[in-house]
Each structure stands twice: as structure tokens, then as C-alpha cells.
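Residue numbers (our numbering), protein chains in the order written: chain A, 1 to 447; chain B, 448 to 894. Ideal Cβ placement from N, Cα and C applies to all residues, glycine included. The structure appears right after this line, and notes come after that.
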């Protein structure tokens, strides 16, 4: 079918599918292009899923199933006993009280602060009103606190909350998304951001969807025109977006284009050669498949595990990643996707190690697997597969991105060309939100 | 006798404040713990005939208007003017800090001072745009010596967001002759000339409170000094946690003071040489890759960053005829090594390692050397952790909570390095506190 589309969405990622589905639901004529033959499913747990998607697209009716709606936190210590903090805040407080009364109180205080902050910021996070500018949405009190937290490093933020460096160290892990150092401004905000998200109805949690079910549900919710195996080689622009050119030379016209590629790639396709400061590090994932008979600790069924590290260790790891070295201790979290699959997330992986990822990934994966030896004895022998996904070469994350209105993050140098992928998110955590926002902005522009 | 003002600490801030306030006709007493005044602005003979300023050779520039007001113009020279953009912003920042101190505006001499120093400006710490800046990102704007000067002796990592704020506090001014002691002596003479009283070896033990107001100082020997107002030039921790009974402080303030982070890492090595060295200008020796990581783990690094300055070649008055004085300023030196306090052997090892790195330069024979480490600075200057900056110069401590001259407890004015104006320039905090105090007197808010 040819003719002019209202919108073309590039990339069948969660953001791309969400954008396509929402635009189509709004009555637009949409074409979804994906270069691969099958869109990839994000591995591992989700920090949050945009609630607007769940509601508007009725994803549950389209087959979205959660293996776990809320994952707890399992702290794997080198010297002390493991500590399991269930997802339910009171249960976590009780578990902590057995170790430290002060930290148990601090934990409850932090959780309630995060949910207060989350409620205050919710309007801003999940609604693209006024281009998503914080000033337009937040009250003065929320803005002040937000501004204060935005200046603080997560290390200082957590040191104020917790007596034991152990707990502060554990929570720091989630503050490093986007390649921030634990002392950098923006890292505390990341923590607030991630800690206070709402996921499918559960507060401040991390959830594990059934593998494949998120993309499948989004695909089913979209149901519009799509072409897989279609590689876009150019975004045509003349006074705003005009369409795209495919690898085989075919030109498809459209009034708007939403891209789930990175900003640099998208703008390059559109003929804008603006170089962006590349992020030095990002999240790498390692997928481990296990032989039958290997028994995972039962706690991994209800929690993701973190290797306990001190703030100094994180700072060291950050410095090492900047130089493209392997640190002494590699920060990682781990979640089980059923009994046969483990997903390791490593937030401080160098984007461009000196020798390139081909030569770096073997020692990198080996170091990660080695660091699990103590907690999963016999793991190396039980491995049947190791797949490494290097971090994406996104633009540098920072305070400016965290504070920027959503419209500024989604808009590009070309009119009616929007980003709907991960890079339009300040912190990789609310799946699908960038698609939701980009669809909103595109729909407004098409009116 | 009841004073109008008691000033704790006769360093550059205390002396400047005393001189200004005494000139305004107030009865001022300066309480100094050490047997001599001057604080970091001293020059001492560390070996027979060899002299140097033990703690620093240079300081952030004092406001030009202040020195000429006190009749001290010409004592200092700027050696490293910071980049134009930074200087402009710094000027505006200074202006706003002062303007806040001057509200409501008094008449006479103070108005003259205001017109000399103030331009139209923005809020104190015009911040958010700087919170995200790193020195690495600003290298194009600042000369190499600017940022290296700003970093030497400090723990900031130039690659991290927020590090650019240290440029505001870059040392760029030094005494023309005789080391910083010349400035200290001149400020002391100005204070005495104006009629201020100076008590040496008078350590403040506690502040005297009456009905929630500070109204005097209790000295270590039990003597009471009554005053309508007190200016403390100690850092935030020493002032709030050291001079108050904690139950007298508002809980919020107590928490802020407790959470306030000091930074350290500065060490100085003073070398007395038999003959002038081969180099005539200061130069930087970059630190090793591991230096910051070792510092974080309280290991004295093998290769700390160093600034090597042949001070006596610029100012022959510092060395005997034929000899020379070279100072080394080191970063990343822990206040307390992981294996216990600094011992004589550890000090010697540090000196030996530093000298070994200068080996290729064929230094003339070493006559004598002095090692000044963070604990020595703490002991001599009464600074928590030996931190000359009064706290880490991170965005949250520069732009978030950093108290102004009068913000804490009625009757107490803060003029220490931790106050808003502290890092901006020598004597800046003293000047700001003096202005705030006089302004309040005019408005009838004090005594």
C-alpha cells in the first residue's frame, strides 16, 4: 500500500510500538518500520511501565503478563550474611530491623519520602502537558525540593538517610543509570526517579514481565501497518519531515516521523550532522542460560540481587569505565527470568573500550561471572550460553537532561521529527513513556 | 567590658571584618586560638634562613575594593586571571552575596563600598547551569593553568559534573613579597590601627546564649567575653557542632551541619635547596591513574598530582643568598591513612616519593624539608579535616545549602570558609559578615 501516511515510526522497540499504537488509536494513519525481522524483547526486569500505556492500550487484554509485579532486593555481601528486602515496604523494614533498627527506620522514611516525591512528580513524569516542563506542572514546594535533590549526588543523599554504608552502597546501584558517578548531581534525582515510579499499580517497585509478553502485547495493541526487515537510510526533510527513504531506494511519504533510534543516528539520517557528546558508559546486559539441574537460590524468585559495594567501589568502577578498564569490583544486578535464565545488568560498562567491544566482551563477561562465584557456586560449569549486549552509544546523560521538559528531549532539529526511544528518556526506567510523549507531541503537530 | 562584636579567629576573614567594623566605630575583640594571627596568611621559617607560607602560596583574589579601603593596595598580584566568562560570573556572584549582606542598605561609607563592589547581578550562586558543568567540558573556555590551579590540593574530579564550580574558588592571587604572611601582617596592622583588640592564645570554647540569642563567647580558660554579636570564622562544623550545646540548635540546622561534608587531600612539602633549581616557573606534575582511587580508600597514592613552585626565584626574600625554596602542593593525600595516623616514617616516605618524581630535574642538594599534611593544617588552623575550603565544593554544598552571613542563629554571623562568600575570595566572608552586621545595627536588629 502506498500514499501518504500521517506518521512513520522507526523501530519496533517498546517506545516505538507504544507511539505507533497510541497514534493509530487516535485515528492517524501509521506505518511501523523495523529493520530486523523480529522486534527484540527487552531482557530483564522493568523499573516502570508508563501507566498511561497500560490503561489506554489495555495491555493486559493484549496478553501482558507479569511473572512478578514487584521484585524485592537481595543484597549479596562479600563478608556478611545475605540480606533480603521484600518489595513490600513494611516487610523490608522488618527484615532490616533484624540488622539495624536505625536503618529500618531510615528505610521506611526514605520509602515514604520517595513516594511523596513520586506523587508530587507524577503529574510531570506521566503527562506531557505544556511540553512536559516542570514549572508548568509542579507546585512550588515540589519544585524547590526537586531543585535541591537535583544538585545532590546520590552518595550524599543516601549518606544522610542511612547509618550503614552497606545499605547506602546497595541503593547507589540504581542511581548510576545513564553513566552518572555516585557523587554527580543528577544521581540523587535518578534515585528518586527510579525509586518513586509506579509500575502497573505497584509503588516503588521493579517488575518482571513474562518474557516476550510486553512486546507481544504492544504489537497486538497496535495492529496497524508494519514492515519488518525495512531499513531506513534517510529521513527526508524539507520544511519539516516529508518521509523516509528505505535501503532499496523506495520513498515513503509521511507528515511526521517518530524514531526510536538514538538522537545522533536520527539526526544523521535527517542530514543534520550535529555531533553530540557521547556517553562514556551505559548499561550492558549479559544473558546467562543455565543447564538443567542448576538450582537458583529461592530468593531470586522474588527479588533481584545486587552485589554489595561501597560508594568508593562505585566511584572506582566509574573511573575505570571512563578509561575503558575493568574495575576491581564490577557493579551488577541480577534477576532470574525463570529457572533457566539469568539477566545481569551492568550499569557502568564502557561504551567504547580501547580495543572495541569484540575484544572487551569476553573478559568483561568473565569478570561478571567470576564475581558471582561466591553466591552461585558452580555457575561457570552450569552455563550453556552467554550473550552480551554492549551499552548503547547514547548522548551523555546529566542534570540538564533530567531537568529538561519532555518536549525538548523528544524534539529534534527537524520539525515533526521526534525521538520515541530510550534516549528521549532522562533515565532508562519508564518503559514506553518516550513513545507515549512522542505520540502526544506528534498528534498535536499533525492537528 | 562588653564588646559590640567578638570575632572568633584572626585569619584573613576575622582580621578584615575587625578592621572594617572597628573603623565603623564598633568595639571589636578578636579571639585567636594560635599564638599568632593570620590563619593561612602566614610565612614561617621552616629552616634557618628559608621561609615559605606553609599552607598555600596563593589564594582566591580578595575583593579589590577591600584592600584599597584598608590602605593595602599593591600587596597582592593576580597571576592567573581566570577565563573571561568565569570572571564575569564570579563578579556577579560576589555582587549578589554582598547585596544580600547589605539589605537593607545602610548609608555613608557602606554605600561607597557598595558602589565600588557591586554591579547589577543575579541571585547568589547563579547555579543550575553550572551544577552540570565539568572542568573537562569547560577546558575550551578556561586556560589550562586556571583549572589546574583550581584543582590542585582539592579532591574534585575534573571529568565529573559540578567540578566547574571549583573554578569560582581558583587561587589566582599571591603576595608580591614575603609570602602570604605579608598580607596577614598587613591585615593585622590594619585591624589594630582601626582600634580592634586582638587576644592571642584565646580559644573559643562555647557560645553564650541568652533567650536564643548569641551574646558572647566562653573561652577555654573560663573567661567570658560578652558581646552584642559574635562573628565566627570557623567552618560550619566547628561553629555549629563545636561551639553550641546541640540541644540549643534547631534540629534541621543540626542535621545540616552533621551532613556537611568536608574535603581534604591537600598536602604541602616545603623544600630548602642549596642552590636554585634548573626550572624558573611553576609546573604541574599529573597524578597517576590510580591516585584518586587510592585516595578514596585512604591509601597515600604513589603518584599524587603535584604543583611544583620555585617560590624564591620570584621572591628572593624567602631564601638566604645562594639558596632556594621550592614548594610542592599535593592533591589526593588522605587525612588519615587506612593503616593509622601519619607517622614520621610515612611522612618521610611521602617526601621521598615526591622527590623521586623530580629526579629527572636534578634538584640541587636538599638542605631541609617540611611536610604539612591535612592533620597538621587541622591542628594549626583549626579547620575540620584540614579543609581550607570549609567543605566540599560540590553543587549541593555550593548552590544548595550554604549559609549566608546571618542565616543561622540570632546574634551569630558566619564568616568562615563554609559560608556562601567563603570560597569566592580571600576575606570575602569576613567582609560579607561585617556588612551584614552593620546593616543589622543600622536597622536596629542587633542588641
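- Residue state for residue 780/B is assigned as coil, using DSSP reduced to three classes.
- Your pair residue 76/A and residue 92/A does not check out as a contact, with CB atoms roughly 16 Å apart and the cut at 8 Å.
- Excluding five sequence positions before and after residue 868/B, the CB atoms of its chain that fall closer than 6 Å to its own CB belong to 544, 875, 876, 879, given in chain order.
- The shortest C-alpha to C-alpha distance from residue 780/B to any of 478/B, 452/B, 742/B, 811/B is the one to 742/B.
- Of all residues in the region 738 to 755 of chain B, only 739, 740, 743, 744 place a beta-carbon less than 8 Å from a beta-carbon of chain A.
- Annotated as distal: residue 585/B and residue 184/A, with beta-carbon spacing of 8 Å or more.
- Look at residue 324/A here: in three-state DSSP terms it is coil, with no helix or strand label.
- With contacts defined as CB atoms closer than 8 Å, residue 638/B and residue 473/B fail to qualify as a contacting pair.
- Excluding five sequence positions before and after residue 394/A, the CB atoms of its chain that fall closer than 7 Å to its own CB belong to 262, 279, 282, 423, given in chain order.
- Here the C-alpha atom of residue 464/B lies approximately 11 Å from the C-alpha atom of residue 455/B.
- The beta carbon of residue 811/B is closer than 8 Å to those of 720, 721, 722, 723, 724, 771 in its chain, skipping five residues each way along the sequence.
- The shortest C-alpha to C-alpha distance from residue 736/B to any of 322/A, 243/A, 347/A, 417/A is the one to 322/A.
- Under DSSP, residue 251/A forms a beta bridge with 245/A.
- Residue 237/A holds the alpha-carbon nearest to the alpha-carbon of residue 251/A among 306/A, 277/A, 237/A, 436/A.
- Secondary structure remark: continuous alpha helix (DSSP H) runs of at least 4 residues inside the region 140 to 176 of chain A, in chain order: 140 to 151, 154 to 161, 165 to 172.
- By the CB criterion at 8 Å, residue 285/A and residue 15/A fall outside the cutoff.
- The alpha carbon of residue 126/A has as its nearest neighbour, out of 434/A, 443/A, 446/A, the alpha carbon of 434/A.
- With a beta-carbon spacing of about 40 Å, residue 379/A and residue 150/A fall beyond the 8 Å limit used to define contacts.
- Collapsing the DSSP output to three states places residue 412/A in coil.
- In the three-state reduction of the DSSP assignment, residue 860/B falls in the strand class.
- Across the structure, residue 193/A and residue 116/A are spaced so that their CA atoms are roughly 12 Å apart.
- Within chain A, not a single residue places a beta-carbon under 7 Å from that of residue 621/B; the smallest gap is close to 31 Å.
- The C-beta distance from residue 619/B to residue 740/B rounds to 29 Å, too long to meet the 8 Å contact threshold.
- Contact annotation: in the region 177 to 191 of chain A, residues whose CB is within less than 7 Å of a CB in chain B are 181, 183, 184, 185, 186.
- With respect to chain A, the C-beta atom of residue 650/B has no partner C-beta closer than 8 Å.
- In the DSSP assignment, residue 206/A falls within the unbroken beta strand (DSSP E) covering 206 to 209.
- Looking from the CA of residue 449/B, the closest CA among 670/B, 870/B, 773/B, 706/B belongs to 670/B.
- Annotated three-state conformation of residue 219/A is helix, per DSSP.
- Its chain contains 74, 84 as the residues whose beta carbon lies nearer than 7 Å to that of residue 299/A, once the 5 sequence neighbours on both sides are disregarded; these appear in chain order.
- Under the Cβ distance rule, residue 736/B counts among the residues neighbouring chain A, one pair being separated by less than 8 Å.
- Of 714/B, 891/B, 729/B, the smallest CA-CA separation from residue 503/B is found for 714/B.
- By the rule that beta-carbons nearer than 8 Å mark a contact, residue 586/B does not touch chain A.
- Unbroken beta strand (DSSP E) runs of no fewer than 3 residues, entirely contained in the region 742 to 813 of chain B, are found at 753 to 756, 771 to 777, following chain order.
- Listed in chain order, the non-local C-beta contacts of residue 371/A below 8 Å within the same chain comprise 307, 329, 330, 332, local neighbours out to five positions each way being set aside.
- For the region 695 to 711 of chain B, the beta-carbon criterion of a distance under 7 Å to any beta-carbon of chain A is satisfied by 706, 708.
- Per DSSP, reduced to three states, the secondary structure at residue 819/B is strand.
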